[in-house]
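See below for the structure under consideration.
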Amino acid sequence: MCAERMPFHVSASSQPIIRFDHASFGFPGVVALKDLTLTIAAGEFVGVIGPNGSGKTTLCKAVLGLMAPVEGHLHIFDCACDELRCHHRAKIGYLPQKGVVDRNFPVTVLETVMMGRYGAMGLFRRPGKSDRSIAMESLAHVGMERHKDSALGHLSGGQQQRVFIARALAQQPQVLLLDEPTTGLDITTQHNVIELIQHLHQELGLTVLLVTHDINMIRTRVDRLVLLKTRLYAAGPPADVLKAEILREVYGKDLVITENDLIIVEDYHHHH
Amino acid sequence: MLDLLTYDFMQRSLLAAAMVGGLCSLVGVFVVLRGLAFVGAGTAHAAFAGVALAYLMGWPPLLLAILFGLVTVWISGWVEEKGTMKLDVSIGILYTTTMALAILFIGLMKAYNAEVYGYLFGNVLSVTPEELRIIGGLAIVVVGSIVLFSKELYFIAFDQEMAEASGVPARRIFFLLLTLVALTVVVSLKTVGAILVFAMVLIPASTAYQLTHSLSTLTWYSLIIGVVCSVSGVLLSAVLDIPSGPAIVLLSTLVFFFSIILSPKRLRQPIPAH
């Protein structure tokens with residue numbers, strides 16, 4: 006049986022909401038992610054890191070219920086992922102990787118955010134006043150309500166990301182799943198977007214899964230890091246995952262964690 | 187010119203042009219936004235092959251046109267979904283194959299059949315009351331479906347994967363859209379012909395695309411441009427005694443070029459981040 010709908014504001018608890026149990030994903034002959042066992046609990050802020058092609062996007066698709074495991078099991082909200090119904094999917098707010106969406110599409114900010122309501126509303130229903138007010142509330146959460154009638158294509162990259170985060174929020178999700186939300190943004194904007202995500206995690210009690218290459222930006226903010234390289238390499242508090250020997254093994258380079266920074270040093274040993 | 191409007195055939199053709207123009211421009215919004223232009227062009231030729239086969243065998247042309255059109259769009263959709271072949275390549279092959287079939291069927295006919303060519307080039311002035319009823323019926327089906335599923339259609343046109351991820355039955359809506367494209371093309375075949383029908387689908391929405399940044403405004407603009415251009419095209423063709431299909435399409439193209447010149451998108455300035 007599937008769990009009942011959850012309210013928007015969920016307090017942090019240890020209730021598991023995503024459970025991978027020896028799950029493998031891929032196509033015949035190609036394994037994208039092998040033998041993954043991982044539990045995400047309600048209210049957690051989890052960073053997902055790993056080199057290119059390590060299965061980060063596969064993990065996203067799996068969590069969205071778009072990809073079923075070829076082996077093992079995946080449970081989302083206590084449903085096997087192939088039993089996921091539309092209203093379950095709506096509980097996961099998703100920010101796709103930049104570039105997937107056509108930025109010059111003729112659509113206004115409010116029209117974009119309203120799309121976040123469509124899945125949860127179901128077929129044959131027309132968006133009403135309450136949907137509009139949820140969309141406006143979502144825009145307020147990301148500080149973009151003033152731009153509701155602006156053309157999406159006219160906004161800066163960081164503002165567009167905020168609008169897409171608002172669209173995810175308009176689903177009134179329990180989980181926020183973000184696939185490299187800072188790619189292609191300048192440093193200040195990257196910081197602002199990550200801060201916004203952290204703020205939403207704290208304010209709304211959202212479970213956050215943040216896929217990123219930017220280890221520095223998130224390592225002091227997340228509860229847990231998940232390091233992938235076609236399998237689960239390490240998972241735990243950032244300090245336990247970001248160990249020199251683990252990083253060297255995964256990235257094939259020496260990465261050094263200093264007090265404030267994480268730097269790549271190919272000839273680290275020459276310096277010391 | 188006003189006395190023209192008193193003729194039955196003229197009233198019928200204006201009504202047909204308005205319906206076909208409205209239908210094409212409405213479906214065109216989603217075709218343009220979802221990037222299905224080539225799929226539609228291929229469908230028109232497939233539907234024409236259906237018509238040719240129907241005349242060869244003495245079967246009902248509309249039925250075969252619908253059948254050929256639907257099979258082509260569904261194959262196109264399936265190929266796009268599989269992603270095993272580039273869509274332009276697979277449609278290009280389907281497009282030319284169905285056209286080859288059409289030419290073959292025409293070649294197998296023992297006598298020259300002017301009616302078949304009517305479907306190729308279209309003639310809105312010869313629309314019969316029965317055809318008008320069929321156009322009206324199918325228009326109700328297509329417009330009804332668009333109204334019923336508009337929010338899902340907009341979403342998959344914007345980003346199909348995102349729509350699916352957020353709980354919209356995106357695949358089914360995509361195939362619904364393909365079906366609506368096929369029905370629209372078939373309905374319009376007699377009016378503007380297989381070669382020109384796709385201009386009526388593409389041009390009004392592309393023109394509207396130049397003029398607005400809002401999805402709802404885009405849809406209304408497209409609809410208005412489609413209906414006005416079709417009706418004016420028919421009037422122009424009657425007054426100047428020129429074929430109706432080219433009159434509609436060339437008029438629409440003219441409006442399109444004006445929209446490019448007047449487009450606010452050419453003047454756009456990004457708003458600075460803060």
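For the protein sequence lines, the chains are Z and F, in the order given. Going by my numbering, the first sequence opens with residue 6, and the numbers climb by one from there. Going by my numbering, the second sequence opens with residue 187, and the numbers climb by one from there. For each residue, glycine too, the CB sits at the ideal point set by N, CA and C.
Here the alpha carbon of F/Ile389 sits roughly 29 angstroms from the alpha carbon of F/Val354. Residue range 223-243 is occupied by the alpha helix (DSSP H) that includes F/Val237.
F/Cys210 sits away from F/Val420, with the two beta carbons spaced by 8 angstroms or more. Under the three-state reduction of DSSP output, Z/Thr113 falls in the strand class. Taken in chain order, the members of the stretch 176-198 of chain Z whose beta-carbon sits within less than 8 angstroms of a beta-carbon on chain F are Gln176, Thr194. Going by beta carbons, Z/Ala46 and Z/Ser19 fall inside the 8 angstroms limit. The three-state secondary structure of F/Leu382, taken from DSSP, is coil. With a threshold of 8 angstroms between beta carbons, F/Gly353 makes contact with chain Z. Residues are counted here when their Cβ sits less than 7 angstroms from a Cβ of chain Z; for the stretch 260-272 of chain F the count is zero. Taking a Cβ-Cβ threshold of 9 angstroms, the residues of chain F close to Z/Phe129 are Leu334, Phe335, in chain order. Taking a 10 Å sphere around the C-beta of F/Pro315, we find fewer than 16 other C-beta atoms and assign the residue as exposed. Against chain Z, the CB of F/Ser400 has a partner CB under 8 angstroms away; the residue lies at that interface. Counted as a single uninterrupted DSSP element, the beta strand (DSSP E) harbouring Z/Asp184 occupies residues 180-184. In the three-state reduction of the DSSP assignment, F/Thr393 falls in the helix class, which pools H, G and I.
When 8 angstroms is used as the limit between beta carbons, Z/Leu71 is near these residues of chain F: Glu347, Glu350, Ala351, in chain order. When the alpha-carbon of F/Glu267 is set against those of F/Gly214, F/Arg357, F/Val367, F/Cys415, the nearest one is in F/Arg357.
Assignment of Z/His218 by DSSP, reduced to helix, strand and coil, places it in the coil class. Between Z/Asp136 and Z/Met119, the C-beta spacing is below 8 angstroms.
Here Z/Gly98 is near Z/Pro178, since their CB atoms are less than 8 angstroms apart. Your pair Z/Leu41 and Z/Leu182 does not check out as a contact, with CB atoms roughly 16 angstroms apart and the cut at 8 angstroms.
Note on geometry: alpha-carbon atoms of F/Leu250 and F/Leu239 lie some 8 angstroms from one another.
Taking a beta-carbon distance threshold of 8 angstroms, F/Phe444 does not count as an interface residue toward chain Z. Within the same chain, Cβ atoms closer than 6 angstroms to the Cβ of F/Thr405 are found at Val215, the five residues on either side in sequence being excluded.
Ranked by Cα distance from Z/Gln166, the first of Z/His218, Z/Cys65, Z/Val147, Z/Arg94 is Z/Val147. Within chain Z, the C-beta atoms nearer than 8 angstroms to that of F/Leu404 come from Pro111, in chain order. Distances from the CA of Z/Val213 to each of Z/Lys96, Z/Ile139, Z/Asn57 were compared; the closest alpha carbon is that of Z/Lys96.
When Cβ-Cβ separations below 8 angstroms define contact, F/Leu219 makes contact with chain Z. Out of F/Val373, F/Asp189, F/Leu363, the CA that lies nearest to the CA of F/Leu222 is found in F/Leu363.
Rounded to whole angstroms, the separation of the alpha carbons of F/Phe234 and F/Ile292 is 11 angstroms. DSSP, read as helix, strand or coil, puts Z/Gly98 in strand. Counting other Cβ atoms within 10 Å of its Cβ, Z/Ser138 stays below 16 and is therefore classed as exposed. Put simply, the stretch 43-59 of chain Z touches the stretch 214-227 of chain Z. At least three CB pairs are less than 8 angstroms apart. The beta-bridge partner set that DSSP reports for F/Val354 is empty.
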